[in-house]
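*Asks:* The following block contains the structure, expressed as structure tokens.
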Amino acid sequence: MQAPRDAVERAEALREEIARHNHAYYVLDAPTVPDAEYDRLFQDLLSLETQHPELVTPDSPTQRVGARPAPEFTQVTHRTPMLSLANAFGEEDVFNFDRRIREGLDCGEVEYAVEPKFDGLAISLTYREGRFILGATRGDGYSGEDVTGNLRTVRSIPLRLQACQGRQVPQFLEVRGEVLMLRHDFERMNERAREAGEKAFANPRNAAAGSVRQLDPRITARRPLRFFAYTLAGLEGQPMPATHAEVLDRLRGWGFPVAAERAVVRGAAGLLRYYDEIGSRRAALPYDIDGVVYKVNRLADQERLGYVSRAPRFAIAHKYQAQEELTEVLDIEVQVGRTGAITPVARLKPVFVGGVTVTNATLHNEDEVRRKDIRIGDTVIVRRAGDVIPEVVSALAEKRSGSEREFVMPQQCPVCGSRVMRLPDEAVARCTGGLYCAAQRKQAILHFASRRAMDIEGLGDKLVDQLVDQDLVKSAADLYRLDVATLAGLERMGEKSAQNVVDAIGKSKDTTLARLIFALGIRNVGEATAKDLARHFGSMEALMAAGVEELQRVRDVGPVVAESIAGFLAEAHNREVIARLEQAGVRGRAEARTAAVLQGLTFVLTGTLPTLTREEAGAMIEAAGGKVSSAVSKKTSYVVAGEETGSKLEKARALGIAVLDEDGLRRLLGK
Ligand code: IVH
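This is the structure in structure tokens:
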């Protein structure tokens, strides 16, 4: 069956819009829409394609969810081998490299294109007529595995090339680069795996490699993979650029992310300056790197220099020191978090790694300690990557003397003495003391005051420690009763800073409902869910009155989250805190209620409207939370009809669906 023309056009328009947002996010690093809006566009396309399966194309963003698993990967032979790079470990090696280049080219100072050496997995991507057709791993350099289905799920890999610099997309293109995980994505993924009692990955590199070489693309689709391009291995249908720097610009134009840190420098001195500069920024980069790569910039010169065995003469990788060091575990203690989670922490003999002295490292949970078999007294490898919390990678069992002790999870909370419990399906053990436990109370208050919650400046952990320890604050509501005199009497607090804190607390009363809900610290309610709840319910009273069923009507709220919200709100203590917050004047403004007036409603547009185009009307409906569909069905809430309507209007009448004209739509939107 042929899909109606407006469906074909709408699908194409959605695909283009999604591709544009993807490009803005992954290549330009400048998101153009909030995640929720992106998800909505995606869902619209998905439902359109479900209604009209003939609209699905292999390069549709919906295909990024992953196809069926394959029994095994097929081998592909690379058109040109995927080479490795020679390494430089010190200045001497860099001077020698530069000298060899100058001798080889018989010239003076050389221009180099320089960029980070990504610590991920090398892959090759092939495009014909602008469409992604093949993705392969490096393998042994001559042939690798066909991982096209997996790579299709990586959102930063364009499925369709963009035209750039006034040229058509090339007939044929082979791009090479690295698949990796950004550090913060890696941390979040591991955190979730641990919470679910699953195995965590040792580092982003292993996680990326494991995800690409997954036989089930649906699993790959759930992993936060990124791609960065670093070379052009084949181009047909248009001339090659003259330099590597131009290659990277062209790649970016086609829609591939490239390193933001790329540069062009001159001579060995320029190389070494770049090495130092990136070295000093290494810890703050969003991804792990293990060095920088220097490439002769002019491609004609690269050609002249050629190759030795399996590496190019025109390029070299200058490596950095590893971000892993050896040290000793002096003790394993536990920390109590906001939700009572008990986290084992290794106290380490101080060691300098990745630019800082590390004395503590998280061991995440009991199972991780067992799995890695880390004992008190062990010699261990500590890893620190960027601003990530230091981590114990593994213990060197061969260094044991026999006097090492195993970690035992305490039966009682070290802070409040309550029983420690671990539910059978949870990876973490928790203190059952709830807000009776001072550690949990402190964390709950710190969370309440945090920047993305009530944003109370100056309420840091030292102050919260004192407030809780001296029983001045038992719950967040008590904050609003603090006065300058009380605060000024505390350690490290003067009159002035006490006044500032009181002012900041006062200022926080004027906040949004979403922030207030997030600030309450309900388990499983992050910022995004808090926003959805605020939008759906519009007031704290409405939220408190909602049962589990109503809660599940909120977008992305499933049974687990609904239970945890209902459980929290059923607790007398929590209700009292909310009531006292309200008495203190903390209410939480409902924001942009109009934004969701059409939430849950589906519209079909037909005919020519007097002043709006169909796209404009559709955009207004979507901006108000409604959905636009192309076909009338029992699920349609309204048909918006203009002049010259056809079968849709008839069908709407037959099904008894309400029909609006443009004015009716505007009234519904409150305009
Ligand atoms: S250029 C002709 N540039 O390092 C050589 N490689 O040891 C093409 N790598 O397998 C490589 N970042 O996976 C190049 N910016 C970068 C790189 C990079 C990481 C990896 C690549 C290759 C290995 C070479």
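Numbering (our numbering), first residue to last: 1439 to 2109. Positions of the beta carbon are idealized from the N, C-alpha and C atoms, including for glycine. In this text the structure is predicted, and so the values were computed from the model without any measurement.
Spell out a yes or no on whether the region 1908-1928 and the region 1869-1884 are touching, meaning 3 or more CB-CB pairs, one atom from each, closer than 8 angstroms.
*Replies:* As far as the Cβ criterion goes, the region 1908-1928 touches the region 1869-1884, which means the pair count is three or higher.
*Asks:* State the Cα-Cα distance for the pair G1648 and R1736, rounded to the nearest angstrom.
*Replies:* In a straight line, the C-alpha of G1648 is about 36 angstroms away from that of R1736.
*Asks:* Which of the three DSSP states, helix, strand or coil, is assigned to R1756?
*Replies:* One detail in the question is off: residue 1756 reads as His in this sequence, not Arg. Here H1756 sits in strand by DSSP.
*Asks:* Under 8 angstroms between the Cβ atoms of A2062 and L2107?
*Replies:* In this structure, L2107 lies closer than 8 angstroms to A2062 by Cβ.
*Asks:* Which residues bound the beta strand (DSSP E) around S1581?
*Replies:* 1581-1583 is the span of the beta strand (DSSP E), which, as asked, contains S1581.
*Asks:* Taking only three categories from DSSP, how would you classify P1788?
*Replies:* Here P1788 sits in strand by DSSP.
*Asks:* Please report the straight-line C-alpha distance between A1671 and F2006, rounded to a whole angstrom.
*Replies:* Each residue's Cα considered, the two are about 57 angstroms apart.
*Asks:* Taking DSSP as the reference, what is the three-state secondary structure of K2073?
*Replies:* In this structure, K2073 counts as coil in the three-state DSSP scheme.
*Asks:* By how many angstroms is the C-alpha of Y1476 removed from the C-alpha of P1469?
*Replies:* Computed Cα separation, rounded: 10 angstroms.
*Asks:* Under 8 angstroms by Cβ, that's how I've got H1516 and Y1565 pegged, so tell me the actual separation to the nearest angstrom.
*Replies:* With 8 angstroms as the limit, H1516 and Y1565 do not qualify as a contact, their Cβ atoms being about 15 angstroms apart.
*Asks:* Would D1970 and D1948 be called neighbours here (beta carbons separated by less than 8 angstroms)?
*Replies:* Not closer than 8 angstroms, so no.
*Asks:* Rounding to the nearest angstrom, what Cα-Cα distance links E1450 and V1796 in this structure?
*Replies:* Roughly 53 angstroms separates the two Cα atoms.
*Asks:* Hey, quick one: how far does the beta strand (DSSP E) through E1734 stretch, first residue to last?
*Replies:* First, the residue type needs correcting, since residue 1734 is Val and not Glu in the sequence shown. It spans 1727-1734 - the beta strand (DSSP E) in which V1734 sits, taken as one unbroken run.
*Asks:* Between E1951 and G2094, what straight-line distance do the alpha-carbon atoms span, to the nearest angstrom?
*Replies:* Position check: residue 1951 holds Leu in this sequence, whereas Glu was assumed. Roughly 38 angstroms separates the two Cα atoms.
*Asks:* For R1879, collect the residues of the same chain with a Cβ closer than 6 angstroms to its Cβ; drop the 5 residues on either side in sequence, then sort them by chain order.
*Replies:* For R1879, where only same-chain residues beyond five positions count, the Cβ hits under 6 angstroms are L1873, V1906.
*Asks:* Who are the Cβ neighbours of D1623 in its own chain at under 7 angstroms, not counting the five residues just before and after it?
*Replies:* Closer than 7 angstroms at Cβ, skipping near neighbours: P1662.
*Asks:* Closest by CA to T1575, which one among V1607, E1549, E1616, A1601?
*Replies:* Ranking V1607, E1549, E1616, A1601 by Cα distance to T1575 puts E1616 first.
*Asks:* For the structure I just gave you, are there three or more beta carbon pairs, one from the region 1554-1561 and one from the region 1721-1729, closer than 8 angstroms?
*Replies:* As far as the Cβ criterion goes, the region 1554-1561 touches the region 1721-1729, which means the pair count is three or higher.
*Asks:* Tell me where the alpha helix (DSSP H) around R1478 begins and ends.
*Replies:* First-last of the alpha helix (DSSP H) with R1478: 1473-1489.
*Asks:* From R2027, V1866, E1549, K1787, pick the residue whose C-alpha is nearest to that of A1683; which is it?
*Replies:* Nearest option by C-alpha distance: E1549.
*Asks:* Going by DSSP in three states, S1935 sits in which element: helix, strand or coil?
*Replies:* In the structure shown, S1935 sits in a helix (DSSP, three-state: H, G or I).
*Asks:* Which residues mark the beginning and the end of the beta strand (DSSP E) in which P1554 is found?
*Replies:* From DSSP, the beta strand (DSSP E) with P1554 extends over 1549-1556.
*Asks:* Mind checking whether Y1745 and R1751 have CB atoms under 8 angstroms apart?
*Replies:* The answer is yes: Cβ separation under 8 angstroms.
*Asks:* By Cβ distance, which residues of its chain are closer than 7 angstroms to N1588, with the 5 residues on each side in sequence left out?
*Replies:* Same-chain partners within the cutoff: V1650, Q1652, P1655, T1658.
*Asks:* Just to confirm, does T1669 get its C-beta within under 7 angstroms of one of the non-hydrogen atoms of the ligand IVH?
*Replies:* Correct: T1669 has its Cβ closer than 7 angstroms to the ligand IVH.
*Asks:* Taking the beta carbon of G1985 as the centre, do at least 16 other beta carbons fall within 10 Å, making it buried, or is it exposed?
*Replies:* With fewer than 16 Cβ atoms within 10 Å of its Cβ, G1985 is classed as exposed.
*Asks:* Closest to D1584 by CA distance: which of V2015, Q1481, Q1513, N1803 is it?
*Replies:* Comparing Cα positions, the closest option is Q1513.
*Asks:* From which residue to which residue does the beta strand (DSSP E) around G1672 run?
*Replies:* That run of the beta strand (DSSP E) goes 1663-1674.
*Asks:* Determine the closest residue to D1739 out of A1697, Y1712, D1714, C1545, with distance taken between C-alpha atoms.
*Replies:* Minimum Cα distance to D1739 is reached at C1545.
*Asks:* Flag this pair as touching only if the region 1831-1849 and the region 1804-1819 have three or more C-beta atom pairs under 8 angstroms; answer yes or no.
*Replies:* Touching, yes, given that three or more Cβ pairs across the two stretches are closer than 8 angstroms.
*Asks:* Provide the residue span of the beta strand (DSSP E) that contains F1845, from first to last.
*Replies:* Taken as a continuous stretch (DSSP letters only), F1845 belongs to no beta strand (DSSP E), as it is neither H nor E.
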